[in-house]
Amino acid sequence: MSTIRIRSPASYWLAVPAAAWMLGVVVVPIVLLVWVSFWGGRAFSTASPLTFDNYARFFANQTYLKLALSTIVHTATLMAVTGVLGYCIAYFLVMKVRSPGWRLALFLAFVVPFWTSTLIRAIAWVPFLGVNGVINQTLMFVGATQSPIEAFLYSRTGITMAQVSLYTMLAAGPVVYMLNAIAPQLREAAMTLKATPFTVFRRIVFPLTLPGVVIGQVLVFLNVMSDFATVATIGGNKHALLSNLVLLFYEGSQIRAASVVAVLLMICMLVGVVIALRVVDIRRLGAER
Amino acid sequence: MIGWKGRLSLTGWILGAITLVFLAYQWLPIFTLGLLSFSGPTGGTTFPMNGTSLHWYEELWRATVMNDFKPPLVRSSLLALACSATTIVLSVMAAQAMRGQFRGNGWFFYLMLLGIMAPGILVGFGFAIMMRLMGVELSWDTTTFLVQVSWTLPFGFLTMLAVFNRFDKKVEEAALTLGASRLTAFRRITLPLVLPGVIGAGLFGFSLSYDEYARSMFTTGPDATLPLAVMAQLDRQLTPEIYAVGTTTTFFSLIAVLFFTLAFWAMRRSTSLRRSSSA
Amino acid sequence: MDALAHDPVEGAAAPAHARPQLDLELINIRKRYGDFTAVDGVSLKVSKGQFVCLLGPSGCGKTTTLRCIAGLEEPDGGDVLIGGKEATRDPPWQRDIAMMFQDFALFPHMTVAKQVGFGLEMLKKPRAEIAQRVQHILKSFEIDGLADRKPASLSGGQRQRVALARAMITEPRILLLDEPIGALDYSLRETVMLELKLLQQRTGISFIWVTHDQNEAFSLGDLVVVMNHARIEQQGPPEEILQRPATAFVAGFVQGNNVFRGRVKEVLAGMLRIETPVGMFLVPWVAPPPMLGSEVSFSVRAEQLTDALSERHVNRLSAVCTAVEYFGAVRRHVFERSDGEVLKYDQFGAHAARIVPGQRTVLGWPAEAAVLHAGAGQ
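Chains as they are written, first to last, in my numbering: chain A, 2 to 290; chain B, -19 to 259; chain C, 342 to 719.
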């Protein structure tokens, strides 16, 4: 018995506003996007005939295909870097920091920037990356290079550097959660069964945190795939990913082309999430412990 | 003689070094942004600062039409408050509904997850098209509000679910056996006990809405919110004035987080005291 | 090296000729956590194939001692010898031990077969041998039907068997068990205890069993070690600890003892006359006798008391019965002494009840039934 009766009409009606909101603002618009991406003709009209022309035009263009490929490569790079870095940090915070005070302090230092604007944090990288930026000034000061390196601002390297600082927390968070859930006795039991610390990690700790790793990777994947703001801030007009293309077409009033890219982006993400779900059954996460 | 635990701590030192380097990497740009916002009137967008001054903050304060950040700030704050309040009400209702295990609650859960998974650029773009088809005028206080709640609500909902999962049902049962109606028991017993979670949901609502860019971009119309105004200014020209804006909003974000964290902590303390004294 | 020189505890169980056969020897183990002393000078000898129970209240240091043996904790001082070899600084994975944890610590992501074979896998045994030995041990523990199941789908009793099989499969020299049946249903415990005792006798592996339950300790242990406040209070066979508690703590901790504290009034031949708040009593002493006037304590077992007095029962005491509890084998009478403490008197259960609650009765016991404790008694 509780303040709500199981399967009562009240429980159903309480869910209706939230469900209606999500359906109307998320599901319907996304379905609309798919529809619009098949519109033929030129007018913005629901009476437009349906064709595959918009997709054909996209796939006929080498530039767009290269862009799609480089988006995937860029995202994969970020997933790898933030995955390894995030795991190291999570492992350190949970397993190696003994004092609760220090653990809290380090954890807050790690998490607090996440609560501030991603846009502002991306902009904060601008003074670092320019030709006269902090990094080049430092490199020249220590004598590592004679002339400034132009490889940072308006470059893929610069974008990657900024995004690593923005998204490592997403990769680490779920791992922290999973590591916290591992009882110390499990590692001790493995040790008394003659497993060395490395084997304990490989056979016990890592498999148990795998769901956290996968969820973290999904979060990084989704965010990097759709992060056009950081790319625009640091890459300028020189670099674009698929999501920037949506914006570009939208601003050029090419709604159909924008919809095509949006749908392709969506398909990429769906494939990514489905692959992740094959590796780990997220629904069973809570059940096992 | 070093024991095996001592040998293991070598890994700890290496991981610790990685962590500290990353923390520096993460914080350095933020501090640099703050530092450069105080550079002199002739200071550029990077070092040297050419002296220290409040010049760029004065510019910000005196700014006129084009780069006046005050109205966007007011809009963003109002919007964030509205999203926060809506998120609290809807997510408490939705989480309570989940406890009722209504038919189709599994689908409902995935619908909410979709709100987190679906990227802002897709939702914003799709919603803008929908509004255009329906002939609705875009505005920060109508369309942007609708879209942003679809982003903040799932976070609040998951927070409330987690809180209700750890909630001890027996307290409610006790109230009901004492003759309270379900509504009274919920209002007098359940709600005060889950208040920390409600505050957390509100914090999510405020912070996510205040910083949201992608969803606002497609749905805001002529009157920009703060992130849009910042981005527009960045496109026009990069001056330390942007740093001043960034420093100010980051500062306020941190204050807000601190405030909510303290409130959360105080609530939890008082409820746990209440719980232990009633046990 | 003469280990006895380090050994402050009298009456260790292992006879001298068994020393080369020792499975485990602890010499003056000490362990502190900050200001808290968890283990303070614990020494212990376990000869080959012995069943040792570490018994004590929670926080007495028994689990820390066990973890020092396993290598999960490093003692601040003292030595751990396993099979006669110095192992104090060896990590757990290099020690010839296995351990069973209180909540079994089964790996949630491994099937029963994988889990049980884990220890052999770590020893780099060939795959075929592992499969065959796993099959064999699962069969002998009657859990071969569960080979492909994961721990989450097992019952408490099944988990306990899996944990035991996992620990036993490598045939370690010593098996460490930390409250191994504490997580089981009460009804299961008796059977499991018997099974474990038989298993231990069959395999000849030394068991070191940590528990706070004295029934477990006394019914299983060849050697029972009673600990309190990080120290060993007494070690010996169960009969010795039950019949001749060495300290007031042991006497009070072990069920069925009546503890008295007082002052030595007179030292006679083989006897002390002790003055307590509830009267004067005669208690036999063993050398050396305590000083006249010193604070001492002694205990008398509840079944040594009687209300059918004869001249043998020189020690007598009048008290009011407050409750009678009938257990079948015994009928326990609870009395209130004039100093407010409780006095227990056990009568053979088959005898007819003679005393009812509220009745004042004189109880007595022969002088030689009392046991004098070492030290002043805390």
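Note that the Cβ used here is the ideal one computed from N, Cα and C, for glycine as well.
The DSSP assignment places complete alpha helix (DSSP H) segments of no fewer than 4 residues inside the segment 437 to 501 of chain C at 453 to 463, 468 to 481, in order along the chain. In this chain, glutamine 391 of chain C is not harboured by any beta strand (DSSP E), its DSSP state being neither H nor E.
When beta bridges are read from the DSSP output, isoleucine 615 of chain C appears opposite C/Val605, C/Phe622.
Straight across, the Cα-Cα distance linking isoleucine 7 of chain A with threonine 663 of chain C is about 51 Å. Under the three-state reduction of DSSP, alanine 4 of chain B is assigned to helix.
Bounds of any alpha helix (DSSP H) do not take in valine 143 of chain A, whose DSSP letter is neither H nor E. Isoleucine -6 of chain B sits exposed, since fewer than 16 C-beta atoms from the chains shown fall within 10 Å of its C-beta. Burial is judged here by how many other beta carbons sit within 10 angstroms of a residue's own beta carbon; histidine 692 of chain C has fewer than 16 and is exposed.
A Cβ of chain A is located within less than 9 Å of the beta carbon of proline 449 of chain C. The Cβ atoms of leucine 396 of chain C and valine 565 of chain C lie closer than 9 Å to each other. Taking 9 Å as the cut-off between beta carbons, the residues of the segment 432 to 447 of chain C near chain A are Pro432, Pro433, Trp434, Gln435, Arg436, Ile438, Ala439, Met440, Met441, Phe442, Gln443, Asp444, Phe445, Ala446, Leu447, in sequence order. Interface annotation, glycine 412 of chain C: in contact with chain B, CB-CB separation under 9 Å.
Inter-residue distance for histidine 570 of chain C and glycine 681 of chain C is about 26 Å (C-alpha atoms, whole angstroms). Per DSSP, the continuous alpha helix (DSSP H) segment holding threonine 200 of chain A begins and ends at 198 to 201. Excluding sequence positions up to five before and after threonine 378 of chain C, its CB lies within less than 6 Å of the CB of Ala571, all in the same chain and listed in chain order. Chain-ordered, the chain C residues with CB closer than 7 Å to the CB of leucine 187 of chain A read Ala446, Phe448. When secondary structure is reduced to three states using DSSP, glutamate 512 of chain C falls in the coil class, being assigned neither helix nor strand.
Secondary structure of alanine 98 of chain B (DSSP, three-state): coil. For leucine 464 of chain C, the C-beta contacts it makes with chain A under 7 Å involve Lys195, in order along the chain. Residue burial is scored here from C-beta neighbours: phenylalanine 11 of chain B has fewer than 16 other C-beta atoms within 10 angstroms and is therefore classed as exposed. Not one beta carbon of chain A lies nearer than 9 Å to the beta carbon of tyrosine 37 of chain B. Take the alpha-carbon of leucine 367 of chain C and the one of serine 233 of chain B: they are about 58 Å apart. For serine 187 of chain B, the chain A residues whose C-beta falls within less than 8 Å of its own C-beta are Trp116, listed in chain order.
Using a Cβ-Cβ cut-off of 8 Å, glutamate 427 of chain C is close to nothing in chain B; its nearest Cβ partner there is about 11 Å away.
In the structure shown, the three-state DSSP call for cysteine 662 of chain C is strand.
The contact set of alanine 277 of chain A on chain C, defined by CB atoms closer than 7 Å, is empty, because the minimum CB distance reaches about 18 Å. Residue pairing for serine 638 of chain C: DSSP places it in a beta bridge opposite C/Arg602. Neighbourhood of phenylalanine 459 of chain C in chain A, by CB distance below 7 Å: Leu194, in chain order.
For valine 177 of chain A against leucine 94 of chain A, the beta-carbon gap comes to about 6 Å, under 8 Å, which counts as contact. The segment 434 to 448 of chain C makes contact with the segment 500 to 510 of chain C, as at least three CB pairs between them are under 8 Å. Spanning the alpha carbons of lysine 50 of chain B and phenylalanine 198 of chain B requires a straight line of approximately 21 Å. Residues of chain C whose Cβ lies closer than 9 Å to the Cβ of leucine 209 of chain A are, in chain order, Phe448, Pro449, His450. Taking alanine 224 of chain B as the centre and dropping the five residues before and after it, the same chain places the C-beta of Ser17, Trp36, Tyr37, Glu39, Leu40 closer than 8 Å to its C-beta, in chain order.
Chain B places a beta carbon closer than 9 Å to that of proline 18 of chain A, counting this residue as a contact.
In terms of beta-carbon proximity, threonine 72 of chain A stays away from the interface with chain C, with every pair separated by 9 Å or more.
Valine 387 of chain C is bridged by DSSP to C/Leu365.
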